[in-house]
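So in my numbering, the last spot in the sequence shown is 243, and the numbers never skip. Heads up, the thing below is written out as structure tokens.
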Amino acid sequence: MRQQEKAKVTEAPRPAKILVVEDEPNMVAGLRDNFEFEGYEVITAGDGIEGLRRAPEESPDLVVLDVMMPRMSGLEVCKQLRAQRGSIPIIMLTARGQELDKVVGLELGADDYVTKPFSIRELLARVKAVLRRTAVVPKHQDQHSFGNVEVDLRHHRVLRSGKALDVSSKEFELLKYFICHSGETLSRDRLLEEVWGYENYPTSRTVDTHLVRLRQKLEPDPEQPQYFLTVHGTGYRFVG
Numbered sequence: 004m005r006q007q008e009k010a011k012v013t014e015a016p017r018p019a020k021i022l023v024v025e026d027e028p029n030m031v032a033g034l035r036d037n038f039e040f041e042g043y044e045v046i047t048a049g050d051g052i053e054g055l056r057r058a059p060e061e062s063p064d065l066v067v068l069d070v071m072m073p074r075m076s077g078l079e080v081c082k083q084l085r086a087q088r089g090s091i092p093i094i095m096l097t098a099r100g101q102e103l104d105k106v107v108g109l110e111l112g113a114d115d116y117v118t119k120p121f122s123i124r125e126l127l128a129r130v131k132a133v134l135r136r137t138a139v140v141p142k143h144q145d146q147h148s149f150g151n152v153e154v155d156l157r158h159h160r161v162l163r164s165g166k167a168l169d170v171s172s173k174e175f176e177l178l179k180y181f182i183c184h185s186g187e188t189l190s191r192d193r194l195l196e197e198v199w200g201y202e203n204y205p206t207s208r209t210v211d212t213h214l215v216r217l218r219q220k221l222e223p224d225p226e227q228p229q230y231f232l233t234v235h236g237t238g239y240r241f242v243g
């Protein structure tokens, strides 16, 4: 019995690790306390340069990143993190509610955006949602191929005829969602909710734009798609 119990303890999943990059000590302390209370492992960095150093060292599952910081802005940190590890989930924090900041952050690859002051419950909910959307793929599902395309879901790589493709983080998440729900008809609203996580994202045309890019990169003939099919009046279906 003890051996069985020991095996169960060994197999328990590790808590998600969150890197908080924030220069306000009180904010850092509050975030650490709340994240640890929810069972997350927390590491911190006091500015953007330290955050860039700690991210590859610690391999966090998610980064909570302030925009306004000394030495290097959060927007530049986000850009460099995306270049170093394109798949890492990022939630950005800012004291500025300007729409331009939000748009720039999202264009640089942030997965979500929270404006200070914010409810800790809201932030926790967004953290859980982003971690759910970017969860590690089970080992038996980490490779997928269709036509001359190979997708490594675990390491976030896409090859076509053996050559690596430049695929943005959101394009990859959309592709991953299609692969994990192959054969299902997926509405634009469902894709927005599951891949972007924004109930108030500008328009459902966002999905259409990203799908056009995937077709251009992955379809033999983007004008006559074989894998990413349009279901008129409903959404899209992946059949690869």
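Don't be surprised by glycine CBs; every beta carbon is placed ideally from N, CA and C. Everything numeric in this text was worked out from a predicted model, so none of it was measured.
Span of the beta strand (DSSP E), counted from its first residue to its last, around residue i
i	result
K20	K20 to V24
I46	E44 to A48
I244	Residue 244 is absent from the structure shown; the chain starts at 4 and stops at 243.
Range covered by the alpha helix (DSSP H) that runs through residue i
i	result
R163	Element bounds for R163: not the alpha helix (DSSP H) but the beta strand (DSSP E), R160 to R163.
M30	P28 to F40
A132	I123 to R136
H213	R208 to L221
G3	Nothing in the structure corresponds to residue 3, since the chain is present only between 4 and 243.
E79	G77 to Q87
Exposed unless 16 or more other CB atoms sit within 10 angstroms - verdict on residue i
i	result
P213	Contrary to the premise, residue 213 reads as His rather than Pro in this sequence. It is buried - the Cβ of H213 has at least 16 other Cβ atoms within 10 Å.
R124	exposed
A19	buried
S172	buried
K142	Below a pLDDT of 50, predicted positions are generally treated as unreliable, and K142, at 47, falls in that range; the measurement from the model is reported next regardless. Exposed, because fewer than 16 other Cβ atoms sit within 10 Å of the Cβ of K142.
E8	Legend: pLDDT at E8 = 44, less than 50; position of this residue unreliable, value from coordinates given subsequently. So E8 ends up on the exposed side.
T233	exposed
K166	exposed
P92	buried
L178	buried
P28	exposed
G42	exposed
G186	exposed
Integer-rounded CB distance, given that residue j should sit under 8 Å from residue i
i	j	result
I94	L134	Not confirmed; about 10 Å, so no contact.
V210	L194	5 Å
V45	R35	5 Å
H159	F149	Not quite, the Cβ-Cβ distance comes to about 17 Å (not below 8 Å), so this is no contact.
Under the three-state DSSP convention, the category residue i falls into
i	result
R193	helix
V152	strand
A113	coil
V70	coil
Y180	helix
V234	strand
V12	A caution first: V12 carries a pLDDT of 41, below 50, which makes its placement in the model too unreliable to give a value.
L168	coil
R1	Since the displayed the chain opens at 4 and closes at 243, residue 1 lies outside it and no answer follows.
K142	Residue placement at K142 is poorly supported in this model, since its pLDDT is 47, which falls under 50; the coordinates are not used for a value here.
Q229	coil
N203	With a pLDDT of 47 at N203, under the threshold of 50, the modelled position of that residue is not reliable, and the figure given next carries that caveat. Of the three classes helix, strand and coil, the one that applies to N203 here is coil, per DSSP.
Cα-Cα separation between residue i and residue j, rounded to whole angstroms
i	j	result
T237	F181	15 Å
P228	W199	24 Å
R191	H235	11 Å
E14	R216	The predicted position of E14 is uncertain, since its pLDDT is 44 and thus under 50; a value taken from the coordinates is nonetheless stated next. E14 and R216: Cα-Cα distance of roughly 40 Å.
D26	P73	8 Å
Y239	V117	30 Å
E39	I21	10 Å
G51	G77	6 Å
R163	S62	28 Å
L84	A58	8 Å
Contact test: residue i Cβ vs the ligand SAH heavy atom, cutoff 7 Å
i	result
T188	With respect to the ligand SAH, the structure shown offers nothing to examine, as it has no ligands at all.
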